[in-house]
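Written out below as structure tokens is the structure these notes cover.
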Amino acid sequence: MKRFTIIILVGLVLAIIVLASSMFVVKEWEQVIITEFGKPVGEPITQAGLHFKKPFIQDAIYLEKRIIPWDGEPKEILTQDKEPIRVNTWARWRIKDPLMFYIRTKTVARAQGVLDEIIQSTLQKVIKTYPLMEVTRNSSRSLEYSTDELKVAEEAKGISIKVGRDKIVQEILEKASEVVVEDATKTLIEQYGIELVDVRIKQINYYVPKTIEAMYGRMRSERLRIRDSYVSEGNKRMEEIEGEIAQEKDRIVSEGYKIAKEIKGQADAGALKIYAEAYGRDPEFYSFIKTLETYEKSFNKDTRLILSTDSEFFKYLIEYMPKEK
Amino acid sequence: MSPINPRDPWEKSPPFDIDKFERTIKRYAIPFLVLVVIIIAAASSYYTVQANEEALVLRLGKYQGITGSGLHFKIPLVDRVIIKPVATIQKEEFGFRTLESGRVSTFDYGTEETKEVSQMLTADLNAAVVNWVVRYKIKDLQEYLFNVQDVEDVIRDVSEAVMRRIVGNNSIDEVLMIRTQEIENMAQEEMKGFLEKYKCGIYIESVKLKSVNPPEEVKDAFDAVPQARQKRDQIITDAEAKRNREIIPAEGKKTRVITEANGYKQKRINEAAGDAKEFLAVLEEYQKAKDITRRRLYLETMAKILPLCGEFYLIDKEQKGLLPILRLGEEKGDKK
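First to last, the protein sequences are chains A and Y.
Its first residue numbered 0, the first sequence is counted upward by one per residue in numbering that gives the first Met the number 0.
Its first residue numbered 0, the second sequence is counted upward by one per residue in numbering that gives the first Met the number 0.
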């Protein structure tokens, strides 16, 4: 009885082991290659769920189905116009052909190594055929500035972008997706089972201290020039205004005097007219009155008056009756 | 098994009874194991999802469905549940790290890492230091888990590439001040495009520039510009104010001079009119009686002036020399 139970138990355990070795679970983000004695057989399994294989003889090799990141070491490159820049790229790739990947590349770590070489060298090859401006900018759009002076200075450089950053990045992706093997050009998928989804520039920077200093120097002198122009503009305007003020003041005051003089002239003329009209009615009588007034006004204690005896005033001193004239 | 000797309780305790132990184990082992298995199974047959989370269920690796908040059951071993915060807005910071968040947050801008991220080349080959924040949330748990390895890394890489690309297309002035809003919008749009291409199930809520500055080394020169502009404006405003201060009194003076002249005119005309009137009155009288009036006026005047004279000489009309005189000045009164 006991021996029978043991046989059942052992049989059960063996069955479980065999079953376990013939089942495997593929998760939604995995893909699997079945290998038999190390050689791949059949189609890659990309459907998630429970799958079966021959126990023990066959192995289920799991591969990543998702998009995988690749990060590049910063690379120092000289552009076509001899600008030394340090470029940092990243890429995203996936295992597009699991079979080929297993045969040629085997592991993600190896794939990263392959990509390191390919992407970095493509990067260098492409970028050194373009001036820095093309790698930085996308269009020849005219740039705006806070002062007209800067805008004009920039436009004077006459920069026109023929290719632009986006196209260059595209070029890098396209060239990196191809590899030359024994005089034949093959795609990355064909050769390694890898599909490059994207290669992008993460950072472009100057790294040579002298170049950086030169850039800072340029930025600084540009701004200080604007500052100086503001200061001189202010002073110029101030002087103009002061000149205008002085001129204006003179004009106003002299106008005033001119008008005043005219008025006074009118006044005098008007007065004279009145006098002439009045005195003109009997000019002789007027001169008589006026003379009398003058005597009154001009005689004082210093005056020495000498009259003759036939003065009208004294006629009654001589005699009391008027002479018959 | 050696029994305790009932007759001698002081005998030494018998050694450990292996047989009894074996029997106990055999009796309770299997039920005990079964109990343990049941407990483990029970414990791994349910899971809770918080209000801001979602759970994705894989049954034997295959996508089964997504469950929301609450308590749910799953088949132990067979089901695998991945829970992620779906409604929470998460953020990625570029160029700085938040050290302490609160009403007044503190940030760290200084590390080598952050400096590398922030400094970028502009279209006119100047350098700008840009710090920004991306806020996002998981919008599709399936895409998020199945399509891309390390989604947060993708968000960072894409954001850096996008921001640099945009900055590389704008002048330093546009980046620093003129187009900051547009740059934020463009960055959000472009990131959205990328992430949709990769199908990573992420929704970008916002891209906000935290600060945009020229590099430390040239900051003083950049600051000098708005200062100088302000100074220029100040100088011009002051000069214009001076203009008002000086012109108005000048106008006042002009008005005063004219008013004075008018006053003079008035006075002159009035005087003349008065004098004329006076004369005409006398004239009228005179014309009525010419001889008498003349005589009167003459004598009146003489009466006034002779007393005023200091010395008075009366000379005979035929006399050729000077007569001794009567000092009329000492007598008063008229003689008619």
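Virtual Cβ for every residue (Gly too), placed ideally from N, Cα, C.
What is the DSSP secondary structure of residue i, reduced to helix, strand or coil?
| i | result |
| --- | --- |
| A:G71 | coil |
| Y:V85 | coil |
| Y:Y263 | helix |
| A:G41 | strand |
| Y:A271 | helix |
| A:R109 | helix |
| A:P83 | strand |
| Y:D149 | coil |
| A:E143 | coil |
| A:V207 | coil |
| A:Y215 | helix |
| A:T135 | helix |
| Y:K334 | With a pLDDT of 45 at Y:K334, under the threshold of 50, the modelled position of this residue cannot be trusted, and the question is left open. |
| A:E221 | helix |
| Y:Y297 | helix |
Rounded to whole angstroms, what is the Cα-Cα separation between residue i and residue j?
| i | j | result |
| --- | --- | --- |
| Y:G262 | Y:A272 | 15 Å |
| Y:A186 | Y:I203 | 10 Å |
| A:I102 | Y:T66 | 40 Å |
| Y:D123 | A:E153 | 8 Å |
| Y:N337 | Y:I171 | Outside the displayed span of chain Y (0 to 335) sits residue 337 of chain Y, for which this structure offers no information. |
| Y:K191 | A:A19 | 44 Å |
| A:E173 | A:R236 | 59 Å |
| Y:G309 | A:I305 | 11 Å |
| A:D249 | Y:L175 | 48 Å |
| Y:D149 | A:P68 | 8 Å |
| A:S120 | A:K81 | 18 Å |
| Y:I29 | Y:S43 | 21 Å |
| A:R109 | A:E212 | 40 Å |
| Y:R155 | Y:E91 | 7 Å |
| A:S220 | A:I244 | 36 Å |
| Y:A240 | A:Y278 | 57 Å |
| Y:V206 | Y:L194 | 14 Å |
| A:T186 | A:F100 | 13 Å |
Just to make sure I have the definition right: I need the residues of chain A whose C-beta is within less than 8 Å of the C-beta of residue i. Which are they?
| i | result |
| --- | --- |
| Y:Q187 | Chain A residues near Y:Q187: none, gap ~17 Å exceeds 8 Å. |
| Y:G60 | V24, V25, K26, E27, E29, A47, G48, L49 |
With a cut-off of 8 Å on the beta carbons, I'd call residue i and residue j a contact; round off their distance for me.
| i | j | result |
| --- | --- | --- |
| A:I32 | A:L98 | 6 Å |
| A:G325 | Y:V256 | What is shown of chain A runs 0 to 324, which leaves residue 325 of chain A out entirely. |
| Y:Y143 | Y:C199 | 6 Å |
| A:I118 | A:N137 | 22 Å between Cβ atoms; not a contact. |
| A:T135 | Y:L120 | 6 Å |
| A:R85 | A:Y191 | The Cβ separation is near 28 Å, so there is no contact. |
| A:V87 | A:G112 | Rather than Val, the amino acid found at residue 87 of chain A in this sequence is Asn. Rounded, the Cβ-Cβ distance is 18 Å, inconsistent with contact. |
| A:R199 | Y:A160 | 4 Å |
| Y:K196 | Y:L140 | Going by Cβ atoms, the distance from Y:K196 to Y:L140 rounds to 19 Å, so no, they are not a contact pair. |
| A:V107 | A:E63 | 6 Å |
Check the DSSP bridge columns for residue i and list the partner residues they point to.
| i | result |
| --- | --- |
| Y:Y46 | Y:H71 |
| Y:P214 | Beta-bridge pairing links Y:P214 to no other residue. |
| A:V31 | A:I44, A:Y61 |
| Y:T97 | Y:F106 |
| A:I160 | Per DSSP, none; premise fails for A:I160. |
| Y:D78 | Y:R58 |
| Y:A336 | Only positions 0 to 335 of chain Y appear in this structure, which leaves residue 336 of chain Y out of reach. |
| A:M22 | A:F51 |
| A:K124 | According to DSSP, which records beta bridges pairwise, A:K124 is partnered with nothing at all. |
| A:L195 | A:W92 |
| Y:L194 | Bridge partners of Y:L194: none, in fact. |
Would you mind telling me which residues of chain Y sit closer than 8 Å to residue i, beta carbon to beta carbon, in chain order?
| i | result |
| --- | --- |
| A:D267 | R267 |
| A:K248 | E245, I246, A249 |
Residue i versus chain Y: which residues are under 7 Å apart at the beta carbon?
| i | result |
| --- | --- |
| A:P282 | Simply none; closest approach about 11 Å. |
Report the neighbours of residue i on chain A: residues whose CB is nearer than 7 Å to its CB, in chain order.
| i | result |
| --- | --- |
| Y:Q63 | Those within 7 Å of Y:Q63 in chain A number zero; the least Cβ separation is about 10 Å. |
| Y:R231 | Y229, V230, E232, G233 |
| Y:I304 | Y294, E295, F298 |
For residue i, go through chain Y and note every residue whose CB falls closer than 9 Å to its CB, in chain order.
| i | result |
| --- | --- |
| A:V252 | A249, K252, K253, V256 |
| A:K1 | Going along chain Y, no residue has its Cβ under 9 Å from A:K1, so there is no contact; the nearest lies around 13 Å. |
Just the chain A side, please: which residues come within less than 9 Å of residue i by C-beta, in chain order?
| i | result |
| --- | --- |
| Y:S388 | As displayed, chain Y neither begins before 0 nor continues past 335, which places residue 388 of chain Y out of reach and without an answer. |
Output yes if chain D places a C-beta closer than 8 Å to the C-beta of residue i; else output no.
| i | result |
| --- | --- |
| Y:Q180 | Looking at the structure shown, chain D is missing, and the protein chains on hand are A and Y. |
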